[in-house]
Amino acid sequence: MTTLTGVPVSPGRAAGVVVTMPAPVPEPPLARVPEGTDLDAAAASIDTAARAVTDDLFARAERATGTAAEVLTVTAAMAADPTLAADAARRVREDRETPARAVWDAAQVVVGQLEALGGMMAERARDVRDVRDRIVAQLTGLRPPGIPEPGHPFVLVAGDLAPADTATLDPATTIALVTEGGGPTSHTAILARALGIPAVVAVAGAGELRDGAMVLVDGGRGTVELDPAEEAVEAARRGNVQRTFMGPGQTADGVRVELLANVSDGASARAAAAAGAEGVGLFRTELMFLGRTDEPSVDDQVAAYADVLDAFAGRKVVIRTLDAGADKPVPYVTADGEPNPALGVRGLRTAVAHPDVLERQLEAVAAAAKGSQAEVWVMAPMVATPDEARRFAARCDAHGLAQAGVMVEIPAAALQARWVLEEVAFASVGTNDLTQYAMAADRELGALAELSTSWQPAVLRLVATACEGARAAGGRPVGVCGEAAGDPALAPVLVGLGVTSLSMAPAALGDVSAVLATTTLDRCRALAALALDSRDAWAARKAVRAALPELDELGL
Ligand code: PEP
Ligand code: MG
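Numbering (the numbering used here), first residue to last: 574 to 1129.
Structure (structure tokens):
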């Protein structure tokens, strides 16, 4: 029996067959069809391939739901457009290009035209490339690009996933995710948790896993077991009951800890509300800004924000303004070619060169808030200094948004929290970036996964300092909305450090609330002291687990 190990990022166990992510479709060679080839038949093969691709995409769109269904329908409609196939067929007949090469060249012309038009049109170039790759794969017998659809549930094994692929990830068929790259707070990991898919990243040797192999993935322990015993597979099936959250969140002695959800659009907000979240602690607004070449209109933004607010009428929703830059480039806001994008002009810093983008976003948030019953709070990402916080609060105030706050995800903001929080109404600790900057460890890098954990006492000290600063600044509430908030062993530690709300992927709400319900505030404080006094992350986790046997009793 072989067991591969990696970094556990999304809990749960699942057993199934491996399906690997297909390699990108290569550019077909510049070749002519041999003399004597039936050119009409060769040209007709393009039509047949395009039709097969269209039918397959429409069928998949019908089976899928939400964003995945939308993405597939758009791609299917594009594959059904006869213009591309007609130009490719002409190239076969007149220039004797091979069908695959003809499709490639015909697509290049369309891509060039769309990119020259700019704006919304240029975004469609990506769809044309996708259709091109699918038709070429069909013609040459290669596997089509994107998330595979073998017709049965499977364990997806990949180097890492591109953002465009994650949009079509369907938890009904992808029962577990194993990647060779990626860190614990990479966007692939965050998405797996949001979808409730057990996942292990940074798995050494994942590249050796072959299609059809049977594996048991444990997303809580970070293991991938090859050819597991039948009993282990059965136990995994039985043990996978998700704990439900009945709310409200509180410690054993009745101290309230709001348990909130991280969302990115209306669909995820509705799912979070259905899972019992008491509100939204982090609405990442980036989704509608990414993957396009111009800014969404104010009207489009109002509609997107209202969609989320409507799911939480009467409850709190913390909307974060655009966090562009680094792993989330937005071409009309962020600069290309910065030597260190994570240390560059990102988050709130982009508002210096593009104040208008922030103004329009705040205008849209204010309009959506006016038309909704939700209690709207607004916060800025990547704030480092009290002056940045003051300027942001002033802009919110100008739009009538009274509850303005900041993310504390830069060590400087944590250390100077007393001054930063005198300028705003609340803080939310982004432990993903706070860990990245405290440990100087790129959060997307699997090789640094050991460093990239919020169990690092150095990170916990920053959280403690932020909470002390918030108290000194008049008792401002401090939440945590980084991935640490959803770790059931770390949650009581954060509460012990002074955190008053926790915001997480909805799937984690049940486990976190179960642990808090067993633990008094005094005990949380004792656990926090144990973690702070530890030598390193490993020792901190071990000390807390030893002092909190309820974790084992709850199976966590
Ligand atoms: C964080 O940095 O912890 C955070 C919540 O923001 P994001 O993951 O979107 O950078
Ligand atoms: Mg962040």
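Glycine residues also receive a C-beta, built at the ideal position from the N, C-alpha and C atoms.
Look up residue i in the DSSP assignment and give the residues it is bridged to.
{"i": "Thr-593", "result": "Val-730"}
{"i": "Arg-893", "result": "Arg-857 and Met-952"}
{"i": "Phe-999", "result": "Gly-978"}
{"i": "Glu-670", "result": "Arg-605"}
{"i": "Arg-586", "result": "Asp-791"}
{"i": "Ala-749", "result": "Val-728"}
{"i": "Pro-801", "result": "According to DSSP, which records beta bridges pairwise, Pro-801 is partnered with nothing at all."}
{"i": "Met-832", "result": "Reading the sequence as shown, one finds Leu at residue 832 and not Met. For Leu-832, which the question treats as bridged, DSSP gives the partners Leu-1075."}
{"i": "Ala-772", "result": "Ser-583 and Leu-750"}
Identify which residue in the options has its Cα closest to the Cα of residue i.
{"i": "Asp-896", "options": "Leu-860, Val-875 and Ala-942", "result": "Leu-860"}
{"i": "Lys-889", "options": "His-972, Asp-900, Gly-1052 and Ala-604", "result": "Gly-1052"}
{"i": "Ala-953", "options": "Arg-1098, Ala-942, Glu-1023 and Ala-986", "result": "Ala-986"}
{"i": "Leu-863", "options": "Ala-762, Thr-1093 and Val-906", "result": "Val-906"}
{"i": "Ala-1011", "options": "Arg-1034, Pro-914, Asp-700 and Glu-995", "result": "Arg-1034"}
{"i": "Val-788", "options": "Asp-838, Leu-1089, Arg-586 and Pro-869", "result": "Arg-586"}
{"i": "Pro-601", "options": "Asp-706, Ala-775, Ala-1119 and Ala-908", "result": "Asp-706"}
{"i": "Met-819", "options": "Leu-833, Asp-826 and Arg-810", "result": "Leu-833"}
{"i": "Ala-886", "options": "Ala-941, Gly-973 and Arg-857", "result": "Ala-941"}
{"i": "Met-955", "options": "Ala-924, Thr-1091 and Met-980", "result": "Met-980"}
{"i": "Leu-603", "options": "Val-938, Trp-677 and Asn-913", "result": "Trp-677"}
{"i": "Ala-689", "options": "Pro-959, Thr-866 and Arg-991", "result": "Thr-866"}
{"i": "Glu-670", "options": "Pro-607, Arg-968 and Asp-1006", "result": "Pro-607"}
{"i": "Gly-1128", "options": "Ala-809, Gly-917, Gln-934 and Arg-624", "result": "Ala-809"}
{"i": "His-725", "options": "Ala-698, Val-830, Thr-747 and Thr-575", "result": "Thr-747"}
{"i": "Gly-579", "options": "Val-751, Ser-1086 and Arg-922", "result": "Val-751"}
{"i": "Pro-744", "options": "Ala-735, Gly-755, Ala-767 and Arg-933", "result": "Ala-767"}
{"i": "Trp-1111", "options": "Asp-880, Ala-1062, Val-918 and Asp-872", "result": "Ala-1062"}
{"i": "Leu-935", "options": "Val-903, Thr-858 and Lys-901", "result": "Thr-858"}
{"i": "Arg-829", "options": "Thr-576, Ala-740, Pro-581 and Leu-1075", "result": "Leu-1075"}
Are the CB atoms of residue j and residue i within a distance shorter than 9 Å?
{"i": "Val-997", "j": "Ala-966", "result": "yes"}
{"i": "Pro-679", "j": "Ala-650", "result": "Note on residue identity: the sequence assigns Ala, not Pro, to residue 679. Taking 9 Å as the Cβ cut-off, Ala-679 and Ala-650 do not qualify as a contacting pair."}
{"i": "Val-682", "j": "Gly-589", "result": "no"}
{"i": "Gly-732", "j": "Gly-780", "result": "yes"}
{"i": "Leu-1081", "j": "Asp-1060", "result": "In the sequence as presented, Leu is not what sits at residue 1081; that position holds Ala. A contact, by the Cβ cut-off of 9 Å."}
{"i": "Glu-1056", "j": "Pro-757", "result": "yes"}
{"i": "Ile-763", "j": "Asn-835", "result": "yes"}
{"i": "Ala-673", "j": "Leu-712", "result": "yes"}
{"i": "Val-709", "j": "Val-598", "result": "yes"}
{"i": "Ala-899", "j": "Gly-839", "result": "no"}
{"i": "Ala-1064", "j": "Gly-854", "result": "no"}
{"i": "Gly-792", "j": "Ala-765", "result": "yes"}
{"i": "Ala-1022", "j": "Ala-775", "result": "yes"}
{"i": "Ala-844", "j": "Pro-1079", "result": "yes"}
{"i": "Ala-825", "j": "Thr-1073", "result": "no"}
{"i": "Arg-1108", "j": "Trp-1028", "result": "no"}
{"i": "Gly-785", "j": "Val-665", "result": "no"}
{"i": "Asp-620", "j": "Ala-675", "result": "no"}
So is the beta-carbon of residue i under 8 Å away from any non-hydrogen atom of the ligand MG?
{"i": "Asn-1005", "result": "yes"}
{"i": "Asp-880", "result": "no"}
{"i": "Asp-784", "result": "no"}
{"i": "Asp-896", "result": "yes"}
{"i": "Pro-954", "result": "yes"}
{"i": "Glu-982", "result": "yes"}
Exposed or buried, residue i, counting other C-beta atoms within 10 Å across all chains shown (16 or more means buried)?
{"i": "Ala-777", "result": "exposed"}
{"i": "Gln-946", "result": "exposed"}
{"i": "His-760", "result": "buried"}
{"i": "Gly-874", "result": "Gly is not the amino acid found at residue 874; the sequence shown has Gln there. By the neighbour-count rule (16 or more Cβ atoms within 10 Å), Gln-874 is buried."}
{"i": "Ala-1000", "result": "buried"}
{"i": "Thr-1038", "result": "buried"}
{"i": "Asp-1084", "result": "buried"}
{"i": "Asp-611", "result": "exposed"}
{"i": "Leu-1212", "result": "In the structure displayed, the chain extends from 574 to 1129; residue 1212 sits before or after that span and is not available."}
{"i": "Asn-913", "result": "exposed"}
{"i": "Pro-959", "result": "buried"}
{"i": "Gly-920", "result": "buried"}
{"i": "Glu-1126", "result": "exposed"}
{"i": "Glu-807", "result": "exposed"}
{"i": "Gly-827", "result": "exposed"}
{"i": "Lys-943", "result": "exposed"}
Does the distance between the C-beta of residue i and the nearest non-hydrogen atom of the ligand PEP fall short of 8 Å?
{"i": "Asp-1060", "result": "no"}
{"i": "Ile-892", "result": "no"}
{"i": "Glu-1056", "result": "yes"}
{"i": "Arg-857", "result": "yes"}
{"i": "Asn-913", "result": "no"}
{"i": "Thr-758", "result": "yes"}
{"i": "Ile-763", "result": "yes"}
Distance cutoff 9 Å, beta carbons only. Does residue i sit that close to anything in chain B?
{"i": "Leu-935", "result": "The displayed structure is made up of one protein chain only, and chain B is not part of it."}
With hydrogens ignored, establish whether the beta-carbon of residue i is closer than 8 Å to any heavy atom of the ligand MN.
{"i": "Pro-771", "result": "Annotation note on the ligand MN: not contained in the displayed structure, which lists the ligand PEP and the ligand MG as its ligands."}
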